[in-house]
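J.: Position 271, counted from 1, in the sequence shown is what full-length UniProt numbering calls 271; the numbers after and before it change by one each time, with no gaps. All C-beta atoms in this analysis are idealised placements derived from N, C-alpha and C, irrespective of residue type, glycine included.
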Amino acid sequence: MHYCFTFVCQQGELEIKALFLAASLKKFLHCDYELVAAIPSPATDWGNPREITLTLLAELGVRIVPITNWVDKQYPIGNKVACLGIETLAEKIFFLDSDMLCLQPFIPPNDWLQPIFHAKPVDLGAFTADPHFWQSVYTLFDLPLPTRRVFSSVSHELLLPYFNAGMLGIPSNTPFAQIWADSCQRILHSGIIAQRPRWLDQLALPITLAKIGMDFNCLNEYVNYPAHLKPLNPQTILCHYHKPSVIRREPALNQLILDLITQYPKLQQVIATYADWQELTQPYKITKKKGLFQAKPTIKPTAQQARPEAFITGIPRSGTSYLCRLLHKIDDCVVINEPTQIFPPLQQTFPPYQLAIYYQEIRRDVLNGQAIENKIKDGEIIEDTAILDKRESYLPTVYRPDFVLFTKNTLAYLARIQQLRYVMPHAPLITCVRHPADTIASWKSTFDHLKNARVETFPVGQLHDTALTGWQQQRLQRIAEADEVALKRVLLWCYLAECVLTAQTVLHIVHYENLVTNPIHCLKNIFQQIPHAPPLRLNPAIQPSQIRQKRDILDIRDRQLINDLCGEYAVQLGYDEWKISC
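(1) Just verifying my parser: in three-state terms, what is the DSSP assignment at Ile509?
(2) Answer with buried or exposed for Ser581, where buried requires no fewer than 16 other C-beta atoms within 10 angstroms of its C-beta.
(3) In the DSSP assignment, the beta strand (DSSP E) including Thr313 goes from what residue to what residue?
(4) Evaluate Glu250 with the Cβ neighbour count: other Cβ atoms within 10 Å of its Cβ, from every protein chain shown; 16 or more gives buried, anything less gives exposed.
(5) Relative to the alpha-carbon of Arg391, which residue among Arg400, Ile381 and Asn374 has its alpha-carbon at the smallest distance?
(6) Assign Cys31 to buried or exposed, taking buried as 16 or more other Cβ atoms, counted over all protein chains shown, within 10 Å of its Cβ.
(7) Among the candidates Lys73, Arg63, Leu19 and Phe28, whose CA atom is the shortest distance from the CA of Thr44?
(8) Beta-carbon within less than 6 Å of Arg559's beta-carbon, same chain only, minus the 5 sequence neighbours each way: which residues are those?
(9) Tell me whether Cys102, by its Cβ, gets closer than 8 Å to a heavy atom of the ligand ZN.
(10) Are the CB atoms of Phe403 and Cys333 nearer to each other than 9 Å?
(11) Give every residue of the same chain whose Cβ lies closer than 6 Å to the Cβ of Phe293, excluding the five residues on either side of it in the sequence, and list them in chain order.
(12) Taking a contact to mean a Cβ-Cβ separation below 9 Å, would you say Ala415 touches Leu367 in this structure?
(13) Lys26 to Asp215, Cα distance in whole Å?
(14) Just to confirm, is the Cβ distance from Leu60 to Tyr264 under 9 Å?
(15) Should residue 594 be labelled buried (16 or more other beta-carbon atoms within 10 Å of its own) or exposed?
(16) The alpha helix (DSSP H) with Phe343 in it runs from where to where?
(17) By the 10 Å Cβ neighbour count, where 16 or more other Cβ atoms means buried, how is Val433 classified, buried or exposed?
(18) Compute the Euclidean distance between the alpha carbons of Trp493 and Gln549, then round it to the nearest angstrom.
(19) Can you check the stretch 92-141 for any beta strand (DSSP E) of at least 3 residues that lies completely inside it and give the ranges in chain order?
(20) Could you pull the start and end residues of the alpha helix (DSSP H) that Cys324 belongs to?
(21) Going by alpha carbons, who is nearest to Arg149 out of Tyr33, Thr174 and Val122?
(22) Quick one: using the 10 Å Cβ neighbour count with 16 as the cut-off for buried, is Gly85 buried or exposed?
(23) Please classify Lys285 as buried or exposed, where buried requires at least 16 other C-beta atoms within 10 Å of its C-beta.
(24) Whose C-beta lies closer than 7 Å to the C-beta of Leu124 among residues of the same chain, with five residues either side of it excluded?
(25) Would you call the CB atoms of Leu203 and Thr128 closer than 9 Å?
(26) Using a Cβ-Cβ cutoff of less than 8 Å, which residues in the same chain neighbour Arg63 once the five nearest sequence positions on both sides are dropped?
(27) What are the uninterrupted segments assigned as beta strand (DSSP E) that are 3 or more residues long and contained completely in the stretch 169-256, given in chain order?
(28) Whose CA, out of Tyr3, Leu260, Lys211 and Gly470, lies closest to the CA of Cys102?
(29) Return the Cβ separation of Pro244 and Leu280 in integer angstroms, given the expectation that the two are a contact with Cβ distance under 8 Å.
(30) Look up Asn368 in the DSSP assignment and give the residues it is bridged to.
(31) Rounded to whole angstroms, what's the CA-CA distance from Thr208 to Pro283? Just pull it up for me.
(32) Using CA atoms only, rank isn't needed, just tell me which of Asp97, Ile93 and Glu87 is closest to Ile77.
(33) Find out if the Cβ-Cβ distance for the pair Pro316, Trp134 is shorter than 9 Å.
(34) Here's a check: name, in chain order, each residue in its chain whose Cβ is nearer than 8 Å to the Cβ of Thr406, leaving out the five neighbours to either side.
(35) Could you pull the start and end residues of the beta strand (DSSP E) that Ile39 belongs to?
(36) Would you say Ile237 and Phe106 are within 9 Å of each other, going by their C-beta atoms?
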């Protein structure tokens, strides 16, 4: 026998996870293998799995073995250590965290049988990127620091060898597991870390390798995919989902759960008392449209489900909130105006995968019938957030699961155009611009960070933002050093216009003046940019309006600066008549 795949099956929710893992492996794994469910003992500490769980494991051909916690019974994660110490006739034993699923047919590559350690590096480096910390750990064991390095798979930090313990492969019948347990205990009792951190097992892995002198090979992300941190990649083979809410936001995962329940009906009984698992079997809570003949919408998750998405950005006070208000009037459009959830991912030093996940979570919550947060008043998007800037919870009405989802932010999205394109290449960036005089006039009577061009206060894209290019940092420095507020404002507009122009080939530019006077034409063009968008059903309430201007607030100095500095950018943005009277 080539392989033994083992996992923990412990009383409680881990029973559910273990059963779905076993069923998915049984469905897709094609090799010479055995499945082993390791059940922690004694029952006085860990309880006993339910009879239906044991019955299902038997139906799936899973061998059951008892294990004890070799690390510390107050450290449940330590149960996995003993899994690699079970007896097996297989050449190679792989431990899998129970909260994983196999997603497609898979034949392990031949190099998995090499008598070495196989694992994927950690997702994020966190504090373990500090070599001084690792020096204290290796010194504890009288070991030198290793010379090899790995990249963390999500944050791409350069690290000393440090692995995710969700999937581990070792040659069978070796002392690896016992040495791993001993290393965990020694680190735990040394005082160099907090009591029983959940990543204790991972800290001890490279120490174990060094003590044994075992070589390692880094697995790629597709066999231990961190779906809690990144949107699911279609090439994923083994997905590490962590919790059922992640399954619910990924239609392909949810469909697999439904398929496995159909194949093994007893799984429905297993999840019956767990609301978050039971939710995976429920249809989407969408509204049936009245008075129109149309095909019945798909109400259960499918792997083929389209998820049309887009960003709204632009130069501040150029009609982005007005556009949100128009889109809000369209059926099957959900528009989130300035969500706060976008800032942490955009402030990270690695791609903002969590922003893409935020989109998926919004769609999941809406389809589950759960309220979301937005800048609304009386059911309408707040058009001018300078006058009213508050958030309320509400539940959008949608008639189909593939509704179009927009989020809007001006400064943050403009500062991260390339990063947004990287994590969501399918989502167009709808970018609003406006005549410089009208934009700057609006700034004079609005938020302080615009009125005074306080570039050092921007949450994303501020003066010292290392993610910006050299020219962007130079422009921001010039704004910060200007000793006149009027000049700062004009320089800020020029900088933002330059951001738009340098990326214009990947942007869909919307002129405020056209949006106001011909909204239907603009909306049709926007929908044409969005892959898999449902048919656009225009609301009769969407009508042309009047262009708003506050140019009388501009003094002579403002006008001179606009005329002297904005011309080149204004013309490139389509404003041939950019000069204003002084």
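T.: Reading from the atomic positions:
(1) strand
(2) exposed
(3) Glu309 to Gly314
(4) buried
(5) Asn374
(6) exposed
(7) Lys73
(8) Ile580 and Cys582
(9) The ligand content of the structure shown is nil, which means the ligand ZN is not present either.
(10) yes
(11) At Phe293 the pLDDT is 48, less than 50, meaning the model places this residue with poor confidence and gives no usable figure here.
(12) no
(13) 30 Å
(14) yes
(15) Since the displayed the chain opens at 1 and closes at 582, residue 594 lies outside it and no answer follows.
(16) Phe343 to Gln347
(17) buried
(18) 17 Å
(19) 92-96, 100-102 and 117-121
(20) Thr320 to His328
(21) Val122
(22) buried
(23) exposed
(24) Ser152, Val154 and Ser155
(25) yes
(26) Glu34, Leu35, Val36 and Ala37
(27) 216-218 and 238-240
(28) Leu260
(29) 6 Å
(30) Looking at the DSSP assignment, Asn368 forms no beta bridge with any residue, so it has no partner.
(31) 47 Å
(32) Asp97
(33) no
(34) The sequence given here places Phe at residue 406; Thr does not occur at that position. If we look at Phe406 and ignore the five residues flanking it on each side, its Cβ neighbours are Glu309, Ala310, Phe311, Ile312, Cys324, Leu327, Cys333, Val334, Val335, Ile336 and Ile430.
(35) Tyr33 to Pro40
(36) yes
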